[in-house]
Amino acid sequence: MALTVYNTPNSYAPAYNQIIFTLSSTNVAQSNFRYIADIYVNGSSDYTRLEVGKNPSNGYGTFDVSGIIQNFITSDAEDNTTTFKQCGNSIASYIVQFGEQYGASSGITNYTNLTSSSGYAFNGVFEPNNFLTFATNTYVLQNSSSQFLTDQPTFKTITGEKMAFGFMTDAVNEGYNLEIVTYYDEGTVFNTVRVQNPYAALSNRADRSINVRVDYDWINSLTNPDLSFGSLPIFVTNWEYYEVKIKNSAGTIVSETIRIYPGEICSKYEPIRFKFMNNYGKYDYYTFTGAKTKSTNIKRNTYKSNPNQWSGTNYNYSRTSRGLSQYETVLDDTITINSDWITQLESIWLEQLVTSPDVYIYEGANLVSVNITNANYETKYEASQQLFNLVISFTYSQNRKRQRRWF
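Letter by letter, the sequence shown follows residues -2 to 404 of our numbering.
Listed below in C-alpha coordinates is the structure:
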(Lines of atoms letter the chains of each structure in order from A and count residues from 1; the text may use other names and numbers.)
(Lines give C-alpha, C1' and ligand atoms only; values in the text may rest on other atoms or scores of the structure.)
Protein backbone atom coordinates (compact mmCIF):
# COMPACT_ATOMS: atom_id res chain seq x y z
CA MET A 1 0.00 0.00 0.00
CA ALA A 2 1.54 3.34 -1.04
CA LEU A 3 0.82 7.00 -1.72
CA THR A 4 3.01 8.47 -4.47
CA VAL A 5 3.54 12.11 -5.48
CA TYR A 6 4.25 12.43 -9.21
CA ASN A 7 4.00 16.05 -10.28
CA THR A 8 5.71 18.70 -8.13
CA PRO A 9 6.21 22.44 -8.82
CA ASN A 10 9.50 24.26 -9.21
CA SER A 11 11.40 24.71 -5.95
CA TYR A 12 10.77 28.48 -6.25
CA ALA A 13 7.37 29.06 -7.84
CA PRO A 14 5.34 32.20 -8.63
CA ALA A 15 2.47 32.26 -6.14
CA TYR A 16 -0.08 33.61 -8.62
CA ASN A 17 0.32 30.74 -11.08
CA GLN A 18 -0.60 27.14 -10.47
CA ILE A 19 1.35 25.23 -7.81
CA ILE A 20 0.16 21.76 -8.62
CA PHE A 21 0.82 18.34 -7.12
CA THR A 22 -0.55 15.07 -8.54
CA LEU A 23 -0.81 11.86 -6.55
CA SER A 24 -1.75 8.25 -6.85
CA SER A 25 -2.62 5.68 -4.21
CA THR A 26 -2.97 1.93 -4.10
CA ASN A 27 -6.02 2.43 -1.88
CA VAL A 28 -8.29 4.20 -4.37
CA ALA A 29 -10.67 1.21 -4.43
CA GLN A 30 -11.50 1.68 -0.76
CA SER A 31 -14.91 3.05 0.19
CA ASN A 32 -15.25 6.86 0.41
CA PHE A 33 -11.65 7.35 -0.69
CA ARG A 34 -10.27 10.91 -0.80
CA TYR A 35 -6.79 12.44 -0.98
CA ILE A 36 -5.66 14.83 1.79
CA ALA A 37 -3.17 17.74 1.65
CA ASP A 38 -2.18 19.56 4.85
CA ILE A 39 -0.42 22.82 3.96
CA TYR A 40 2.00 24.41 6.44
CA VAL A 41 3.30 27.89 5.54
CA ASN A 42 6.29 29.80 6.93
CA GLY A 43 7.08 27.23 9.60
CA SER A 44 3.74 27.54 11.38
CA SER A 45 2.32 24.57 13.27
CA ASP A 46 -1.14 25.51 11.99
CA TYR A 47 -2.20 24.11 8.66
CA THR A 48 -4.89 24.33 6.01
CA ARG A 49 -6.38 21.03 4.88
CA LEU A 50 -7.56 20.37 1.34
CA GLU A 51 -9.42 17.22 0.30
CA VAL A 52 -10.14 15.97 -3.23
CA GLY A 53 -11.72 12.86 -4.61
CA LYS A 54 -10.03 10.54 -7.05
CA ASN A 55 -10.21 11.22 -10.77
CA PRO A 56 -12.78 8.73 -12.14
CA SER A 57 -10.69 7.92 -15.22
CA ASN A 58 -7.31 7.16 -13.62
CA GLY A 59 -7.74 7.37 -9.84
CA TYR A 60 -5.24 10.21 -9.46
CA GLY A 61 -5.66 13.24 -7.20
CA THR A 62 -4.67 16.83 -7.95
CA PHE A 63 -3.99 19.72 -5.58
CA ASP A 64 -3.30 23.36 -6.49
CA VAL A 65 -2.00 25.01 -3.30
CA SER A 66 -1.34 28.46 -4.81
CA GLY A 67 -4.54 30.00 -3.43
CA ILE A 68 -3.58 29.02 0.12
CA ILE A 69 -0.01 30.31 -0.12
CA GLN A 70 -1.09 33.66 -1.60
CA ASN A 71 -2.71 34.49 1.73
CA PHE A 72 0.73 34.50 3.39
CA ILE A 73 2.49 36.79 0.89
CA THR A 74 2.30 40.57 0.88
CA SER A 75 5.03 42.98 -0.23
CA ASP A 76 8.21 44.82 0.76
CA ALA A 77 7.68 48.26 -0.73
CA GLU A 78 9.77 50.26 1.75
CA ASP A 79 12.99 51.75 0.40
CA ASN A 80 16.32 50.23 1.41
CA THR A 81 18.09 51.92 4.28
CA THR A 82 21.11 49.64 3.76
CA THR A 83 22.67 48.24 0.59
CA PHE A 84 20.95 44.86 1.07
CA LYS A 85 17.41 44.49 2.39
CA GLN A 86 15.57 41.31 3.38
CA CYS A 87 12.16 40.85 1.77
CA GLY A 88 10.47 38.20 3.89
CA ASN A 89 6.97 39.40 3.02
CA SER A 90 7.58 38.65 -0.67
CA ILE A 91 8.41 34.97 -0.30
CA ALA A 92 6.80 32.07 1.57
CA SER A 93 8.10 28.65 2.52
CA TYR A 94 5.69 25.76 2.57
CA ILE A 95 5.44 22.07 3.37
CA VAL A 96 2.59 19.96 2.05
CA GLN A 97 1.91 16.71 3.91
CA PHE A 98 -0.13 14.30 1.83
CA GLY A 99 -2.41 11.59 3.10
CA GLU A 100 -5.68 9.85 2.36
CA GLN A 101 -8.97 8.94 3.97
CA TYR A 102 -11.30 6.03 3.45
CA GLY A 103 -13.55 3.58 5.23
CA ALA A 104 -17.19 2.83 5.78
CA SER A 105 -19.47 5.87 6.08
CA SER A 106 -19.88 5.15 9.74
CA GLY A 107 -16.15 5.29 10.41
CA ILE A 108 -14.00 7.11 7.82
CA THR A 109 -10.34 7.19 8.90
CA ASN A 110 -7.72 9.83 8.02
CA TYR A 111 -4.21 8.56 7.26
CA THR A 112 -2.12 11.75 7.36
CA ASN A 113 1.49 12.67 6.50
CA LEU A 114 2.21 9.58 4.45
CA THR A 115 4.59 11.63 2.27
CA SER A 116 5.45 15.30 1.91
CA SER A 117 6.90 17.94 -0.38
CA SER A 118 8.30 21.41 0.30
CA GLY A 119 9.28 24.54 -1.59
CA TYR A 120 9.13 28.31 -1.79
CA ALA A 121 6.66 30.63 -3.49
CA PHE A 122 7.40 34.24 -4.37
CA ASN A 123 5.01 37.10 -5.05
CA GLY A 124 5.12 36.71 -8.83
CA VAL A 125 2.88 35.96 -11.77
CA PHE A 126 3.69 34.88 -15.31
CA GLU A 127 1.58 35.09 -18.43
CA PRO A 128 -0.01 31.69 -19.14
CA ASN A 129 2.21 30.83 -22.11
CA ASN A 130 5.40 32.02 -20.41
CA PHE A 131 4.60 30.02 -17.30
CA LEU A 132 4.72 26.81 -19.34
CA THR A 133 8.50 27.31 -19.73
CA PHE A 134 9.15 28.76 -16.26
CA ALA A 135 12.35 27.44 -14.69
CA THR A 136 13.67 28.28 -11.24
CA ASN A 137 17.31 28.61 -12.34
CA THR A 138 16.43 31.62 -14.52
CA TYR A 139 15.24 33.63 -11.54
CA VAL A 140 17.35 32.27 -8.67
CA LEU A 141 21.08 33.10 -8.50
CA GLN A 142 23.11 30.36 -10.18
CA ASN A 143 25.12 31.71 -13.11
CA SER A 144 25.73 34.79 -15.27
CA SER A 145 22.37 34.27 -17.01
CA SER A 146 20.29 34.35 -13.81
CA GLN A 147 18.06 37.41 -13.90
CA PHE A 148 17.51 40.20 -11.47
CA LEU A 149 13.76 40.34 -10.89
CA THR A 150 12.91 43.06 -13.37
CA ASP A 151 11.97 43.35 -17.05
CA GLN A 152 13.14 46.95 -17.35
CA PRO A 153 15.07 47.15 -20.65
CA THR A 154 17.46 50.06 -19.93
CA PHE A 155 18.70 51.78 -16.79
CA LYS A 156 19.63 55.38 -16.03
CA THR A 157 20.41 56.86 -12.65
CA ILE A 158 19.64 60.47 -11.81
CA THR A 159 20.82 62.41 -8.79
CA GLY A 160 18.10 62.42 -6.17
CA GLU A 161 16.39 59.25 -7.44
CA LYS A 162 16.44 55.87 -5.69
CA MET A 163 16.72 52.51 -7.44
CA ALA A 164 17.01 48.92 -6.24
CA PHE A 165 17.04 45.48 -7.87
CA GLY A 166 15.56 42.31 -6.45
CA PHE A 167 17.01 38.82 -6.57
CA MET A 168 16.42 35.39 -5.01
CA THR A 169 18.94 32.82 -3.85
CA ASP A 170 18.69 29.21 -2.69
CA ALA A 171 22.27 28.35 -1.68
CA VAL A 172 24.42 29.53 1.23
CA ASN A 173 26.91 32.26 0.20
CA GLU A 174 25.60 32.29 -3.38
CA GLY A 175 24.46 35.92 -3.15
CA TYR A 176 27.63 36.92 -1.32
CA ASN A 177 28.71 40.23 -2.88
CA LEU A 178 27.40 43.07 -4.98
CA GLU A 179 30.19 43.99 -7.39
CA ILE A 180 30.25 47.48 -8.86
CA VAL A 181 32.55 48.27 -11.78
CA THR A 182 32.79 51.92 -12.86
CA TYR A 183 34.00 53.15 -16.26
CA TYR A 184 35.35 56.50 -17.39
CA ASP A 185 35.65 55.72 -21.10
CA GLU A 186 33.81 53.13 -23.19
CA GLY A 187 35.37 49.89 -22.03
CA THR A 188 37.94 51.51 -19.72
CA VAL A 189 37.59 50.46 -16.10
CA PHE A 190 38.11 53.10 -13.41
CA ASN A 191 37.43 51.07 -10.26
CA THR A 192 35.97 47.80 -8.98
CA VAL A 193 34.46 47.49 -5.52
CA ARG A 194 32.28 44.98 -3.71
CA VAL A 195 29.75 45.21 -0.89
CA GLN A 196 29.12 42.06 1.12
CA ASN A 197 25.59 40.75 1.65
CA PRO A 198 25.04 40.22 5.41
CA TYR A 199 22.21 37.77 4.67
CA ALA A 200 24.16 35.33 2.48
CA ALA A 201 24.05 32.57 5.14
CA LEU A 202 20.31 31.97 4.49
CA SER A 203 19.61 31.67 8.18
CA ASN A 204 15.92 32.36 7.59
CA ARG A 205 13.34 32.64 4.83
CA ALA A 206 13.74 36.41 4.41
CA ASP A 207 17.40 35.91 3.38
CA ARG A 208 16.22 34.20 0.20
CA SER A 209 14.54 37.29 -1.25
CA ILE A 210 16.73 40.40 -1.30
CA ASN A 211 16.58 43.95 -2.62
CA VAL A 212 19.92 45.60 -3.35
CA ARG A 213 20.31 49.39 -3.68
CA VAL A 214 22.12 50.36 -6.91
CA ASP A 215 21.44 54.06 -7.63
CA TYR A 216 24.35 56.47 -8.04
CA ASP A 217 23.55 58.51 -4.91
CA TRP A 218 23.69 55.43 -2.71
CA ILE A 219 26.81 53.92 -4.25
CA ASN A 220 28.60 57.26 -4.13
CA SER A 221 27.71 57.59 -0.42
CA LEU A 222 29.50 54.34 0.51
CA THR A 223 32.60 54.62 2.65
CA ASN A 224 35.66 52.37 2.80
CA PRO A 225 34.29 50.42 5.82
CA ASP A 226 31.21 49.58 3.70
CA LEU A 227 33.36 47.83 1.11
CA SER A 228 34.47 44.20 1.30
CA PHE A 229 36.81 44.76 -1.66
CA GLY A 230 38.34 47.87 -3.22
CA SER A 231 38.49 51.41 -1.95
CA LEU A 232 37.29 54.93 -2.65
CA PRO A 233 36.78 56.83 -4.87
CA ILE A 234 34.25 54.64 -6.63
CA PHE A 235 33.48 57.16 -9.37
CA VAL A 236 35.70 59.39 -11.46
CA THR A 237 34.49 62.81 -12.61
CA ASN A 238 32.56 62.50 -15.88
CA TRP A 239 32.10 58.74 -15.46
CA GLU A 240 30.62 56.98 -18.48
CA TYR A 241 28.58 54.19 -16.86
CA TYR A 242 28.81 51.48 -14.22
CA GLU A 243 27.90 47.81 -14.06
CA VAL A 244 26.46 45.80 -11.19
CA LYS A 245 26.35 42.05 -10.69
CA ILE A 246 26.17 39.50 -7.87
CA LYS A 247 29.06 37.15 -7.07
CA ASN A 248 29.24 34.17 -4.74
CA SER A 249 31.85 33.63 -2.04
CA ALA A 250 34.15 31.90 -4.56
CA GLY A 251 34.12 34.99 -6.78
CA THR A 252 31.95 33.43 -9.48
CA ILE A 253 29.38 35.63 -11.24
CA VAL A 254 25.90 34.31 -10.36
CA SER A 255 23.67 36.98 -11.90
CA GLU A 256 23.26 38.90 -15.09
CA THR A 257 25.33 42.09 -15.41
CA ILE A 258 23.29 45.29 -15.65
CA ARG A 259 24.80 48.45 -17.07
CA ILE A 260 23.59 51.77 -15.63
CA TYR A 261 24.15 55.11 -17.37
CA PRO A 262 23.97 58.64 -15.94
CA GLY A 263 20.69 60.33 -16.74
CA GLU A 264 19.32 63.82 -16.56
CA ILE A 265 15.92 65.46 -16.67
CA CYS A 266 15.55 68.22 -19.24
CA SER A 267 11.97 69.34 -18.86
CA LYS A 268 10.09 72.48 -17.88
CA TYR A 269 7.61 70.30 -16.03
CA GLU A 270 7.94 68.94 -12.52
CA PRO A 271 8.87 65.24 -12.84
CA ILE A 272 6.93 62.49 -11.07
CA ARG A 273 8.82 59.31 -10.16
CA PHE A 274 6.82 56.12 -9.79
CA LYS A 275 7.71 53.01 -7.81
CA PHE A 276 5.53 50.03 -8.66
CA MET A 277 5.28 46.31 -8.03
CA ASN A 278 6.34 44.40 -11.12
CA ASN A 279 5.35 40.90 -12.25
CA TYR A 280 7.96 39.33 -9.95
CA GLY A 281 6.65 41.01 -6.79
CA LYS A 282 9.66 43.35 -6.71
CA TYR A 283 9.60 47.09 -7.45
CA ASP A 284 10.56 48.97 -10.61
CA TYR A 285 10.92 52.72 -11.11
CA TYR A 286 10.07 55.18 -13.85
CA THR A 287 10.05 58.98 -14.00
CA PHE A 288 7.46 60.89 -16.02
CA THR A 289 8.75 64.27 -17.21
CA GLY A 290 5.99 65.54 -19.50
CA ALA A 291 3.01 67.84 -19.10
CA LYS A 292 0.79 67.33 -16.06
CA THR A 293 -2.81 68.26 -15.37
CA LYS A 294 -4.93 67.87 -12.24
CA SER A 295 -8.70 67.61 -12.05
CA THR A 296 -10.65 67.48 -8.81
CA ASN A 297 -13.98 65.74 -8.37
CA ILE A 298 -15.92 67.45 -5.59
CA LYS A 299 -18.48 65.44 -3.65
CA ARG A 300 -20.76 67.52 -1.40
CA ASN A 301 -23.02 65.92 1.16
CA THR A 302 -25.87 68.18 2.25
CA TYR A 303 -29.06 68.22 4.26
CA LYS A 304 -32.00 70.60 4.45
CA SER A 305 -33.18 72.11 7.72
CA ASN A 306 -35.62 74.73 8.99
CA PRO A 307 -33.95 78.17 8.61
CA ASN A 308 -36.05 79.80 11.34
CA GLN A 309 -34.44 80.60 14.67
CA TRP A 310 -35.71 81.95 17.97
CA SER A 311 -34.80 85.50 18.94
CA GLY A 312 -36.67 86.37 22.10
CA THR A 313 -40.34 85.88 21.25
CA ASN A 314 -39.67 85.96 17.49
CA TYR A 315 -39.27 82.81 15.40
CA ASN A 316 -37.92 83.86 12.02
CA TYR A 317 -35.01 83.59 9.60
CA SER A 318 -32.34 86.08 8.52
CA ARG A 319 -30.31 86.58 5.39
CA THR A 320 -27.51 84.40 6.83
CA SER A 321 -29.79 81.53 7.84
CA ARG A 322 -29.28 78.26 6.05
CA GLY A 323 -31.92 75.91 4.73
CA LEU A 324 -29.69 73.70 2.58
CA SER A 325 -26.47 73.03 4.50
CA GLN A 326 -23.25 71.32 3.42
CA TYR A 327 -21.85 69.07 6.15
CA GLU A 328 -19.11 67.15 4.29
CA THR A 329 -16.87 67.90 1.30
CA VAL A 330 -14.67 65.18 -0.20
CA LEU A 331 -12.11 66.01 -2.91
CA ASP A 332 -10.83 63.33 -5.29
CA ASP A 333 -7.79 64.48 -7.28
CA THR A 334 -6.94 62.84 -10.60
CA ILE A 335 -3.48 63.56 -12.02
CA THR A 336 -2.79 62.97 -15.71
CA ILE A 337 0.85 63.00 -16.79
CA ASN A 338 2.85 62.38 -19.96
CA SER A 339 6.10 60.48 -20.25
CA ASP A 340 9.05 61.47 -22.38
CA TRP A 341 9.53 59.57 -25.66
CA ILE A 342 9.82 55.84 -24.98
CA THR A 343 11.04 52.83 -26.94
CA GLN A 344 9.07 49.77 -27.96
CA LEU A 345 10.72 47.73 -25.21
CA GLU A 346 9.85 50.36 -22.63
CA SER A 347 6.27 50.42 -23.88
CA ILE A 348 6.01 46.66 -23.37
CA TRP A 349 7.58 46.89 -19.89
CA LEU A 350 5.46 49.84 -18.71
CA GLU A 351 2.30 47.79 -19.01
CA GLN A 352 3.42 46.46 -15.62
CA LEU A 353 3.12 49.99 -14.20
CA VAL A 354 -0.40 50.54 -15.53
CA THR A 355 -1.62 47.13 -14.32
CA SER A 356 0.32 47.05 -11.03
CA PRO A 357 -1.69 46.46 -7.83
CA ASP A 358 0.79 48.46 -5.71
CA VAL A 359 1.98 51.86 -6.98
CA TYR A 360 3.65 54.81 -5.26
CA ILE A 361 5.03 58.18 -6.22
CA TYR A 362 7.86 60.05 -4.55
CA GLU A 363 7.06 63.37 -2.93
CA GLY A 364 10.51 64.41 -1.85
CA ALA A 365 11.97 61.39 -0.05
CA ASN A 366 8.54 60.08 0.93
CA LEU A 367 6.58 57.31 -0.76
CA VAL A 368 2.91 58.18 -1.30
CA SER A 369 0.42 55.49 -2.34
CA VAL A 370 -1.58 56.08 -5.53
CA ASN A 371 -3.87 54.10 -7.84
CA ILE A 372 -3.56 54.06 -11.63
CA THR A 373 -6.98 54.68 -13.20
CA ASN A 374 -6.31 53.88 -16.88
CA ALA A 375 -8.97 51.41 -18.06
CA ASN A 376 -6.89 50.09 -20.97
CA TYR A 377 -3.32 49.98 -22.20
CA GLU A 378 -2.04 50.19 -25.76
CA THR A 379 1.42 48.77 -26.36
CA LYS A 380 3.22 50.80 -29.03
CA TYR A 381 5.40 49.19 -31.70
CA GLU A 382 8.09 50.96 -33.71
CA ALA A 383 7.01 49.33 -36.98
CA SER A 384 3.77 51.32 -36.86
CA GLN A 385 4.80 54.38 -34.82
CA GLN A 386 8.25 55.93 -34.85
CA LEU A 387 7.79 58.21 -31.83
CA PHE A 388 5.43 57.63 -28.96
CA ASN A 389 4.93 58.36 -25.29
CA LEU A 390 2.71 57.15 -22.48
CA VAL A 391 -0.10 59.06 -20.83
CA ILE A 392 -1.41 57.77 -17.50
CA SER A 393 -3.85 58.99 -14.88
CA PHE A 394 -3.76 58.27 -11.18
CA THR A 395 -5.53 59.18 -7.97
CA TYR A 396 -4.20 59.37 -4.45
CA SER A 397 -5.30 56.49 -2.27
CA GLN A 398 -6.51 58.92 0.37
CA ASN A 399 -9.06 61.65 -0.30
CA ARG A 400 -8.73 65.26 0.66
CA LYS A 401 -11.47 66.85 2.74
CA ARG A 402 -12.65 70.34 3.60
CA GLN A 403 -13.71 71.53 7.05
CA ARG A 404 -17.10 70.60 8.42
CA ARG A 405 -19.46 73.51 9.06
CA TRP A 406 -20.59 73.74 12.68
CA PHE A 407 -24.19 74.49 13.42
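Note that the Cβ used here is the ideal one computed from N, Cα and C, for glycine as well.
For clarity, every value in this text was computed on a predicted model and none was experimentally measured.
- Burial is judged here by how many other beta carbons sit within 10 angstroms of a residue's own beta carbon; Leu387 has at least 16 and is buried.
- DSSP places Arg202 in the helix class (H, G or I) of the three-state scheme.
- The beta-carbon separation of Tyr173 and Asn194, rounded to 6 Å, stays under the 8 Å limit for a contact.
- Minimum Cα-Cα distance from Asn275 among the listed residues Ser41, Trp346 and Pro230 corresponds to Trp346.
- Ile70 sits close to Ala89, with the two beta carbons spaced by under 8 Å.
- Here DSSP, grouped into helix, strand and coil, assigns Pro195 to coil.
- Residue nearest to Pro230 within the set Cys263, Glu261 and Thr179 is Thr179 (criterion: CA-CA distance).
- Taking all protein chains in view, the Cβ of Arg316 is surrounded by fewer than 16 other Cβ atoms within 10 Å, so the residue is classified as exposed.
- For Glu97, the closest C-alpha among the options Asn29, Ile262, Ser322 and Trp338 is that of Asn29.
- Taking 3 residues as the minimum length, the beta strand (DSSP E) runs contained wholly in the stretch -1 to 73 are 0 to 4, 9 to 11, 17 to 22, 31 to 38, 45 to 50 and 58 to 61, in order along the chain.
- When the beta-carbon positions are compared, Ile66 and Ile16 come within less than 8 Å of each other.
- The closest CA to that of Gln323, considering only Arg401, Glu240, Gln382 and Tyr13, is found on Arg401.
- In this structure Ala12 is in contact with Asn120, their Cβ atoms being roughly 6 Å apart against a cut-off of 8 Å.
- In the three-state scheme derived from DSSP, where H, G and I count as helix and E and B as strand, Phe232 is classed as coil.
- In the DSSP assignment, Pro259 falls within the beta strand (DSSP E) that extends over Ile255 to Pro259.
- The distance from the Cβ of Val137 to that of Met165 is about 5 Å, consistent with a contact at the 8 Å cut-off.
- Between Ile358 and Arg270, the C-beta gap is smaller than 8 Å, which places the two residues in contact.
- Inter-residue distance for Gln349 and Tyr277 is about 10 Å (C-alpha atoms, whole angstroms).
- The three-state reading of DSSP puts Thr133 in helix, counting H, G and I together.
- Of all alpha-carbon atoms in Glu183, Val241 and Asn303, the one lying nearest the alpha-carbon of Ile177 is that of Val241.
- In the DSSP assignment, Phe162 forms a beta bridge with Val209.
- When Lys82, Asn7 and Val211 are compared, the shortest CA-CA separation from Tyr282 is found for Val211.
- Assignment of Ile250 by DSSP, reduced to helix, strand and coil, places it in the strand class.
- Exclusion of the five residues before and after Tyr181 leaves Phe187, Val233, Asn235, Trp236 and Glu237 as the residues of its chain whose Cβ lies within less than 8 Å of its Cβ.
- A distance below 8 Å separates the beta carbons of Tyr196 and Gln83.
- By the criterion of a C-beta distance shorter than 6 Å, Tyr374 is surrounded in its chain by Glu348 and Val351, once the five residues flanking it on both sides are discounted.
- Residue pairing from DSSP places Ser366 in a beta bridge opposite Tyr357.
- Residue nearest to Ser218 within the set Asn24, Tyr37, Tyr312 and Thr78 is Thr78 (criterion: CA-CA distance).
- Taking 8 Å as the upper bound for CB-CB distance, Thr370 and Thr340 are not in contact here, some 25 Å apart.
- Contact between Tyr57 and Ser114 does not hold, since the beta-carbon distance rounds to 16 Å and is not under 8 Å.
- About 17 Å separates the CB atoms of Gln306 and Tyr300; that is not less than 8 Å, and the two are not in contact.
- Looking at the DSSP output, Ser115 sits in a beta bridge with Ile92.
- The residue among Lys291, Glu75, Gly50 and Gln94 with its C-alpha nearest the C-alpha of Val2 is Gln94.
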